[in-house]
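For reference, each letter of the sequence shown is one residue, going 115 to 238 in this note's numbering.
Where is the CB? At the ideal position from N, CA and C, for every residue including glycine.
The structure displayed is predicted, hence computed values, not measured ones.
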Amino acid sequence: MKITDKISSFNRKQKYTYFENSIKFTPYSKVLDVGFTNTESGVANYNPSNITKLGIDEKDVFEKKCPNIQTAIYDDFFPFPDKSFDIGWGSAVIEHIENREKQLLFLKELQQMHHAVFFLQLSI
Numbered sequence: 115m116k117i118t119d120k121i122s123s124f125n126r127k128q129k130y131t132y133f134e135n136s137i138k139f140t141p142y143s144k145v146l147d148v149g150f151t152n153t154e155s156g157v158a159n160y161n162p163s164n165i166t167k168l169g170i171d172e173k174d175v176f177e178k179k180c181p182n183i184q185t186a187i188y189d190d191f192f193p194f195p196d197k198s199f200d201i202g203w204g205s206a207v208i209e210h211i212e213n214r215e216k217q218l219l220f221l222k223e224l225q226q227m228h229h230a231v232f233f234l235q236l237s238i
């Protein structure tokens with residue numbers, strides 16, 4: 115694993131812990147984790163059967179490592195009906211969407227699909 119991947123993984127885990135401590139949800143809450151990578155390894159202390167990971171790249175390696183976690187690929191739209199999840203979670207993903215118009219559509223869809231959204235975006 116490259117050092118940048120290790121740093122990114124550590125950073126994401128720290129943010130996920132902040133998310134867990136900030137949003138009150140139960141082991142039965144359905145969570146959409148927006149922005150996973152194929153090389154990522156699982157989720158923090160959460161019930162894998164109630165979490166779905168949404169990414170933009172390949173998912174085959176991740177699915178082999180974490181077969182109990184559902185995955186989906188974002189291709190300019192969310193492949194789920196409105197209010198499919200209780201909570202939407204994402205960190206530093208908006209910059210991976212190609213332009214402002216699509217970014218706004220992404221945020222609107224994210225809001226429509228969840229009862230609550232927790233989205234961290236840091237810009238430097």
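Could you compute how far the alpha carbon of residue i sits from the alpha carbon of residue j?
i, j, result
"Arg214", "Pro162", "33 angstroms"
"Pro195", "Met227", "7 angstroms"
"His210", "Val175", "20 angstroms"
"Val148", "Ile117", "23 angstroms"
"Phe139", "Phe220", "24 angstroms"
"Val207", "Leu224", "12 angstroms"
"Ile137", "Tyr130", "10 angstroms"
"Glu172", "Asn152", "6 angstroms"
"Lys120", "Ser205", "16 angstroms"
"His229", "Asn135", "18 angstroms"
"Asn125", "Lys222", "26 angstroms"
"Lys127", "Lys144", "19 angstroms"
"Ser122", "Lys197", "30 angstroms"
Determine the extent of the beta strand (DSSP E) in which residue i is found, giving its start and end residues.
i, result
"Val145", "145-148"
"Asp174", "Asp174 -> not in any beta strand (DSSP E); alpha helix (DSSP H) instead, spanning 174-179."
"Asn199", "Sequence inspection shows Phe at residue 199; the Asn mentioned does not correspond to that position. Where Phe199 is concerned, the enclosing beta strand (DSSP E) stretches over 199-205."
"Ile208", "No beta strand (DSSP E) holds Ile208; DSSP gives it neither H nor E."
"Ile166", "Strictly speaking, residue 166 in this sequence is Thr, with Ile absent from that position. Looking at the DSSP string, the run of the beta strand (DSSP E) that includes Thr166 is 165-169."
If residue i and residue j are in contact, beta carbons under 8 angstroms, what's the gap, nearest whole angstrom?
i, j, result
"Asp190", "Lys216", "7 angstroms"
"Gly169", "Ile183", "With a Cβ gap of about 12 angstroms, Gly169 and Ile183 do not count as contacting."
"Phe232", "Phe150", "In fact, because the Cβ distance is near 15 angstroms, the residues do not count as touching under 8 angstroms."
"Pro141", "Asn164", "7 angstroms"
Answer with buried or exposed for residue i, where buried requires no fewer than 16 other C-beta atoms within 10 angstroms of its C-beta.
i, result
"Leu218", "exposed"
"Glu212", "exposed"
"Lys167", "buried"
Would you give the residue range spanned by the alpha helix (DSSP H) that residue i belongs to?
i, result
"Ser108", "There is no way to answer for residue 108, as the model of the chain reaches only from 115 to 238."
"Phe191", "Note, Phe191: premise wrong, no alpha helix (DSSP H); not H, not E."
With a threshold of 8 angstroms, are at least 3 pairs of Cβ atoms found where one atom belongs to the segment 196-212 and the other to the segment 177-184? no
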